[in-house]
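S.K.: Following the numbering used here, the numbering of the sequence shown begins with 14 at its first residue and continues without gaps. Following this message is one structure expressed as C-alpha cells.
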Amino acid sequence: MTSPITRSAWNALASHYETVSKLHLRQLFADDPKRGERMAVEAAGLYLDYSKNRITDETLRLLLQLAQESELRARIDAMFHGEKINVTEKRAVLHVALRAPRGASILVDGKNVVPEVHSVLDKMADFSERVRSGAWKGHTGKRIRNVVNIGIGGSDLGPVMAYEALKHYSERGMVFRFVSNIDGTDFAEAVWDLDPSETLFIVSSKTFTTLETMTNAQTARAWSLAALGGDEKSVAKHFVAVSTNAAEVAKFGIDTANMFEFWDWVGGRYSMDSAIGLSTMLAIGPDNFRAMLDGFHQMDEHFRTAPFEVNLPVLMGLFAVWYNDFFSAQTVAVLPYEQYLKRFPAYLQQLAMESNGKHVTLEGDAVGCDTAPIYWGEPGTNGQHSFYQLIHQGTRLIPCDFIAFAKPLNLLGRHHDMLLANVFAQTEALAFGKTPEQVKAEGTPDWLVPHRVFEGNRPSNTIMAEQLTPETLGKLVALYEHSVFTQGVIWNIDSFDQWGVELGKVLAQRIIPELENDPQPALNHDSSTNNLIRRYRRLKKS
Ligand code: F6P
C-alpha cells in the first residue's frame with residue numbers, strides 16, 4: 014500500500030466529506046455554543062483556534078485515524094532518531110538536532126551530533142561578538158558596519174525572513190543586506206551605498222557550487238578587491254563562508270578557519286537555525302539567537318511528545334490535507350498581522366512547496382492524490398485591500414492562517430487594537446458571512462443584494478502568541494516545519510529531496526555558452542528556444 018488514497022481512513026473521509034461539505038459554520042457554531050473554546054489548543058505559548066474550520070468531531074476523529082494509519086508516530090520517531098528518512102538522497106533529516114540543548118544526544122550513523130552543533134554555535138557566537146564589538150577589523154583597520162549575506166533558496170529565505178522578523182532586536186548601528194538573484198541588479202543595489210572597507214560578505218551555500226551564489230560571490234570578491242588595492246589577503250578579513258563543503262570554500266580563497274560548518278543532514282530549507290543563520294546572529298546577537306533556538310526546541314518537544322489530538326503541527330498538517338484533498342482547495346493563505354513577518358509567507362513557500370511538491374510516493378509509485386497546496390500571503394491589513402475580495406466572495410475556497418500577537422513591538426496610539434480588530438473581523442466575516450436577508454434588512458435594493466452577499470463558510474486558523482520575540486519566531490517556524498512534515502507523511506512522499514529543481518539548472522548550464530560564445534554555437538533546442546536565443550543575441554548587440 015503506497016498511495017494514501019488506499020487507506021481506509023482516506024475512504025471514510027471521502028464519504029464523510031459529502032456530509033461536511035453541506036454544513037455551514039453558522040450552523041456548527043449555533044449547534045455548539047462552546048465550539049470556539051473547545052476547538053482550540055495552546056502549546057509552548059502558541060494558541061491555535063481551529064474552530065472556524067469546516068470540520069466536526071467526526072472529521073477530527075477520521076483525520077487522526079488517517080495519521081495513525083499513515084504511521085505518523087513512527088515517522089516522527091524515525092526523524093528524531095536520525096534515521097535516513099530522506100530516502101532518495103539516503104540522508105538523515107535532523108534540523109531538530111540544530112536546536113537540541115547542550116548535553117542532548119542524537120545519533121547519526123552511531124555518532125552523537127549535538128556536541129558538533131554546539132561547537133559551531135560557540136564559534137558563531139565568538140565571531141559575532143567580535144564583529145558586533147568592533148574587535149574584528151577589516152583590511153584597512155576599520156570596523157565592520159555592513160554585512161551582506163550571499164545565498165539563495167534556503168541559504169537566503171530563512172536569513173532574510175529572520176532578519177526582517179527580528180529587526181526590532183537587531184543592532185541598528187549595522188547594515189544588513191541579502192543578495193540572492195543572479196540578476197546583477199540584486200548585487201548592484203545591495204552594495205551601491207556601502208563602503209567596501211567596512212563590508213563583510215557571508216557566502217552561504219550548503220554545496221558551495223550553486224550557480225547564483227558562486228557568481229555573486231565572485232562579483233563580491235572583485236568589488237571588494239578593487240576597492241582594497243587588489244590585496245588578496247583582504248579576502249580573509251571581508252569574506253566568511255557557511256557551508257558543508259570545505260574543499261570548495263578553500264578553492265574560493267576563504268580561510269577555512271573562517272568557515273562555519275553544517276552537515277548534509279540539514280536540508281537547505283530547514284537551515285535557518287544552523288550556521289546559515291550567521292547573519293541573524295550578527296544582527297540580533299548570540300543570546301537572542303539562542304533564545305530563538307530554544308523556541309524551536311520547545312515546539313519540537315511538543316510535536317514529538319503531545320498526543321495528536323492536541324498537537325499543533327499535527328492538527329495544522331491534517332487540516333491542510335483535508336482542504337487540499339477533499340475540498341480540492343489549491344492554496345493556503347498565510348496572513349501575518351505583524352509587519353515584521355512580511356517575509357514569512359515567502360519563506361513558507363520554499364518550506365512547504367519544495368518539501369511537498371512531489372508526484373510519487375516514497376516507493377516511487379504515483380501518489381494518486383494532490384500534494385502540496387500553494388502557500389502564499391501578505392501581511393495584514395495590506396492584503397485586505399487587494400486579494401481578500403477573492404477570499405471573501407470569489408469562487409475558490411482558500412483556507413487561511415491568521416497570525417497575530419497580543420503585544421505590539423511598537424506601541425503607537427490605537428494602532429494595535431485596530432490591527433487586532435481587523436484579524437478578528439476577518440475571521441468572523443469569512444466564517445459567517447452575510448446572508449441575503451441581512452443585506453436586504455439594511456435597505457439594499459434587490460438588484461444589488463447578490464453582489465453584497467457573503468456566503469461565509471470560508472475556513473481559517475487563528476494563531477496567537479503574546480509577542481513576536483526570537484523565541485516565538487522559533488516556535489512559529491518549527492510549527493510550520495512539522496506541519497509540512499505531517500502532510501508529507503500522510504501523502505507518503507519524500508519531503509526532503511528537491512529533484513524538481515535539477516532539470517532547469519542543467520539546461521541553463523548548456524545554454525550559457527550559446528549566449529556568450531562567438532561565433533554562435535549550433536543550436537539544437539526546439540524551434541521556440543532556438544528562436545529566443547537568436548533574438549536575445551541579436552538584441553544584446555544592437
Ligand atoms: O533550489 C534548490 C536548492 O538546493 C535549495 O534546496 C537550497 O536551499 C538552495 O538550492 C541553495 O543551495 P546551496 O545552499 O547549496 O547553495
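For every residue, glycine included, the Cβ atom is placed at its ideal position computed from N, Cα and C. Model, not experiment: these values are computed from the prediction.
With which residues is Lys150 paired in a DSSP beta bridge?
M.R.: As a working note, residue 150 is residue 137 in the sequence shown. Lys150 is bridged to Arg156.
S.K.: Going by other Cβ atoms of all chains shown within 10 Å of its Cβ, with 16 needed for buried, is Trp512 buried or exposed?
M.R.: To locate residue 512, count along the sequence shown from 1; it is residue 499. Exposed, since its Cβ has fewer than 16 Cβ neighbours within 10 Å.
S.K.: Leaving out the 5 sequence neighbours to the left and right, which residues in its chain are closer than 8 angstroms to Glu527 when beta-carbon positions are compared?
M.R.: Stepping through the sequence shown from its first residue, residue 527 is reached at position 514. Counting only Cβ-Cβ distances below 8 angstroms, and skipping sequence neighbours, we find Gln533, Pro534, Leu536 and Ile546.
S.K.: Using only the alpha-carbon positions, how far apart do Tyr182 and Glu468 sit?
M.R.: Residue mapping note: residue 182 aligns to position 169 of the sequence shown, counting from 1. Residue mapping note: residue 468 aligns to position 455 of the sequence shown, counting from 1. Those two C-alpha atoms are separated by around 43 angstroms.
S.K.: Pick helix, strand or coil for Phe221, following the three-state DSSP scheme.
M.R.: For the purposes of this step, residue 221 is taken as the residue at position 208 of the sequence shown. DSSP places Phe221 in coil when its eight states are reduced to three.
S.K.: Which residues in the same chain as Asp45 place their Cβ atom closer than 8 angstroms to its Cβ, once the five residues preceding and following it in sequence are excluded?
M.R.: Taking the sequence shown and counting its residues from 1, the one referred to as residue 45 is at position 32. Here the set comprises Arg51.
S.K.: Ile476 bridges to which residues according to DSSP?
M.R.: Mapped onto the sequence shown, residue 476 falls at position 463. In DSSP, Ile476 forms a bridge with Leu61 and Ile416.
S.K.: Quick check: is the beta carbon of Glu479 nearer than 9 angstroms to any beta carbon in chain D?
M.R.: The displayed structure is made up of one protein chain only, and chain D is not part of it.
S.K.: By DSSP, does Ser256 sit in helix, in strand, or in coil?
M.R.: Against the sequence shown, residue 256 aligns to sequence position 243. In the structure shown, Ser256 sits in a strand (DSSP, three-state: E or B).
S.K.: Report the residue from Asn301, Trp335, Glu351 and Tyr353 whose alpha carbon sits nearest the alpha carbon of Val345.
M.R.: Taking the sequence shown and counting its residues from 1, one reaches residue 345 at position 332. That would be Trp335, whose Cα lies nearest to the Cα of Val345.
S.K.: Going straight from the alpha carbon of Trp504 to that of Leu75, what length do you get?
M.R.: Counting from 1 along the sequence shown, the entry for residue 504 is found at position 491. Counting from 1 along the sequence shown, the entry for residue 75 is found at position 62. Near 15 angstroms, if we compare the C-alpha coordinates of Leu75 and Trp504.
S.K.: Between which residues of its own chain and Asp90 is the CB-CB distance below 6 angstroms, once the five residues before and five after are set aside?
M.R.: What you label residue 90 is simply residue 77 of the sequence shown in a count that begins at 1. Cβ within range, chain order: n/a, list empty.
S.K.: For Val188, which residues of its own chain have a beta-carbon under 6 angstroms away from its beta-carbon, when the five flanking residues on both sides are left out?
M.R.: For the purposes of this step, residue 188 is identified with residue 175 of the sequence shown, where counting begins at 1. Once the five neighbours on either side are set aside, the close Cβ partners of Val188 are Asn159.
S.K.: According to the Cβ coordinates, are Ala444 and Lys65 closer than 9 angstroms?
M.R.: Looking up residue 444 in the sequence shown gives position 431. Looking up residue 65 in the sequence shown gives position 52. The answer is yes: Cβ separation under 9 angstroms.
S.K.: Please determine whether the Cβ atom of Glu367 lies at a distance below 8 angstroms from any heavy atom of the ligand F6P.
M.R.: As a working mapping, residue 367 is identified with position 354 in the sequence shown. Glu367: yes, Cβ under 8 angstroms from the ligand F6P.
S.K.: Should Arg4 be counted as a contact of the ligand F6P given a C-beta to heavy atom distance under 8 angstroms?
M.R.: Outside the shown range of the chain, which is 14 to 555, sits residue 4, and nothing can be said about it.
S.K.: With Leu170 and Tyr350 assumed to form a contact (beta carbons below 8 angstroms), what rounded beta-carbon distance in angstroms separates them?
M.R.: Within the sequence shown, residue 170 is the residue found at index 157, counting from 1. Within the sequence shown, residue 350 is the residue found at index 337, counting from 1. Not really, about 21 angstroms apart at Cβ, beyond 8 angstroms.
S.K.: Should the region 277-291 be called in touch with the region 454-464, which here means at least 3 C-beta pairs below 8 angstroms?
M.R.: No, because fewer than three Cβ pairs between the region 277-291 and the region 454-464 fall closer than 8 angstroms, the two stretches do not touch.
S.K.: What does the Cβ neighbour count give for Gln311, buried or exposed, with the cut at 16 atoms within 10 Å?
M.R.: Counting from one through the sequence shown, the residue named residue 311 turns up at place 298. With 16 or more other Cβ atoms within 10 Å, it is buried.
S.K.: Per DSSP, what are the beta-bridge partners of Glu274 in this structure?
M.R.: Residue 274 sits at position 261 when you count from the first residue of the sequence shown. Paired residues: Ser256.
S.K.: Assuming Ile506 is part of the beta strand (DSSP E), what are its boundary residues?
M.R.: Taking the first residue of the sequence shown as 1, we reach residue 506 at position 493. Where Ile506 is concerned, there is no enclosing beta strand (DSSP E), given that its DSSP letter is neither H nor E.
S.K.: Inspect the CB distances between the region 203-210 and the region 159-168 and report whether three or more fall short of 8 angstroms.
M.R.: These segments touch.
S.K.: Is Phe221 near the ligand F6P, with its Cβ less than 8 angstroms from a heavy atom?
M.R.: For this step, residue 221 is matched to residue 208 along the sequence shown. Checking every heavy atom of the ligand F6P against the Cβ of Phe221, one is found closer than 8 angstroms.
S.K.: By a C-beta neighbour count over all protein chains shown, 10 Å radius and 16 as the cutoff for buried, is His372 buried or exposed?
M.R.: Position 359 of the sequence shown, counting from 1, holds the residue named residue 372. Classification of His372: exposed, given that the 10 Å Cβ count is below 16.
S.K.: State yes or no: is the C-beta of Gly377 nearer than 8 angstroms to some heavy atom of the ligand F6P?
M.R.: Reading the sequence shown from its first residue, position 364 is the one you call residue 377. False, no ligand heavy atom lies under 8 angstroms from that Cβ.
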